Amino acid sequence: MAAPWRGLLDSEYRPRLPVTPQTPSVTLHEGNTPLLRSAHLCARTGCDVWLKVEGANPTGSFKDRGMTVAISRATQAGVRLVVCASTGNTSASAAAYAARGGLGAAVLVPTGGVARGKLGQAARFGARIVEVAGTFEDCLRAARELAAHHPVALVNSVGNELRLAGQRTVAYEIVDALGAAPDVHCLPVGNGGNITATWQGYCRYGRGRPRMWGFQAAGAAPLVHGAPVAEPRTDASAIRVGSPATWAPAVAARDESGGLIGAVTDAEIFAAYRDLARLDGVYAEPASAAAVAGLLAEHRAGRLTPGSTVAITLTGNGLKDPDAALRDDYDPAPSGPATAEVARTLGLTG
Ligand code: F0G
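Rendered as structure tokens:
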């Protein structure tokens, strides 16, 4: 039997991570997530389509890849309190790794802007949760200013080599699983960190470079319009970001790869969200489904070369957003407890 997986810092990728022998490993055994072939997307596109299921990470999103590095280094540096701004997943991950490493965490989230599962995570992991009456951008500005003037370490990915280095590992895993880089890599784009890190990962690994296809929600698509959006709107709350902090590197990833950043409507996002669950058995959160919606839109527009190999990052777990799951398609049939009545309700008997 192969040695059990022990997390990114104790994996074959360690030499690529900014740690030293003195760095303690604060890990929940993140990484090594499933790469699943999507039969329905293969059939619909005529391509070889693979789903990188990042919702299988310990806190249910790709954020754990960078957080293990950031929190390990924070403990090495003697930091006591970490802070982040978040649409939800970063806060859940920061809170969990801080708990694991014995640090305090403060998370700044936009009031009413975070899926309930993510708030529950941050609360249970013991983070101090500040609900800011404003946007994600307001949270990030405040978090950066706090870190500049108080003894707290910022663990957002913007300008944070530790977070980006960890997030690059998703590309290493995909290349190792497929034997080479895919032709196209699709992913949702919010603040811009993940498209940047994933592209850097492919470039550094040196085993081929995909076109990077990033997708934003149509109501929160500043990188598509080339200008910030003052009031970003989408029910895919994870990517409700009007002014990405990692703007220029995200655009560079698009341009250097010969890729694109497109917009998809919420209707397209939620259709893809339902199809992934029903047809592939993969429960991803709505923001993740934006990448699938985008792939299908580009296919319809004739921009997807038949026979291409496509990797899609499904960035977060569907369990994080129970309200999205129950918003439609929830149609339970009431029945009394008698088996005969249940059978009648199911239409098994007359
Ligand atoms: N998908 C999910 C599920 C996310 O949580 C995020 C970002 C993204 C995609 C976009 O990644 O920001 O690197 O372009 N979530 C951040 C957060 C903003 O606070 O959890 P990005």
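Start counting the sequence shown at 66; every next residue gets the next number (the working numbering). All C-beta atoms in this analysis are idealised placements derived from N, C-alpha and C, irrespective of residue type, glycine included. Note that this is a predicted model, so its numbers are computed, not measured.
Taking DSSP's pairing of strands, which residues face residue i in a bridge?
i, result
"residue 150", "173"
"residue 375", "114 and 249"
"residue 349", "382"
"residue 126", "381"
Using DSSP with H/G/I as helix, E/B as strand and the rest coil, what is residue i?
i, result
"residue 221", "coil"
"residue 276", "strand"
"residue 381", "strand"
"residue 156", "helix"
"residue 40", "Given a span of 66 to 415 for the chain in the structure shown, any question on residue 40 remains unanswerable."
"residue 400", "coil"
"residue 90", "coil"
"residue 282", "strand"
"residue 244", "coil"
"residue 370", "coil"
"residue 145", "coil"
"residue 237", "helix"
"residue 361", "helix"
"residue 161", "helix"
"residue 356", "helix"
"residue 168", "coil"
"residue 67", "coil"
"residue 131", "helix"
For the alpha helix (DSSP H) containing residue i, list its first residue and its last residue.
i, result
"residue 410", "404–410"
"residue 71", "No alpha helix (DSSP H) contains residue 71, which DSSP labels as neither H nor E."
"residue 259", "258–270"
"residue 80", "Careful: residue 80 lies outside any alpha helix (DSSP H) and carries neither H nor E."
"residue 232", "226–232"
"residue 289", "287–290"
"residue 413", "Neither: residue 413 is in no alpha helix (DSSP H) and is coded neither H nor E."
"residue 387", "387–392"
For residue i, count neighbouring Cβ atoms within 10 angstroms of its own Cβ and tell me buried if that reaches 16, exposed if not.
i, result
"residue 413", "exposed"
"residue 67", "exposed"
"residue 371", "exposed"
"residue 177", "exposed"
"residue 323", "exposed"
"residue 391", "exposed"
"residue 297", "buried"
"residue 232", "buried"
"residue 70", "exposed"
"residue 386", "buried"
"residue 247", "buried"
"residue 226", "exposed"
"residue 395", "exposed"
"residue 124", "buried"
"residue 219", "buried"
"residue 379", "buried"
"residue 281", "buried"
"residue 87", "exposed"
"residue 397", "exposed"
"residue 191", "exposed"
"residue 250", "buried"
"residue 314", "buried"
"residue 340", "buried"
"residue 224", "exposed"
"residue 331", "buried"
"residue 383", "buried"
"residue 393", "exposed"
"residue 288", "buried"
First and last residue of the beta strand (DSSP E) that includes residue i?
i, result
"residue 116", "113–118"
"residue 253", "249–253"
May I have a chain-ordered list of the beta strand (DSSP E) segments no shorter than 3 residues that lie completely inside the segment 173–216? Listed in chain order, they are 193–197.
Length at least 4, wholly inside the segment 296–342: the alpha helix (DSSP H) runs in chain order: If we require 4 residues or more, the alpha helix (DSSP H) runs fully inside the segment 296–342 come out as 312–321.
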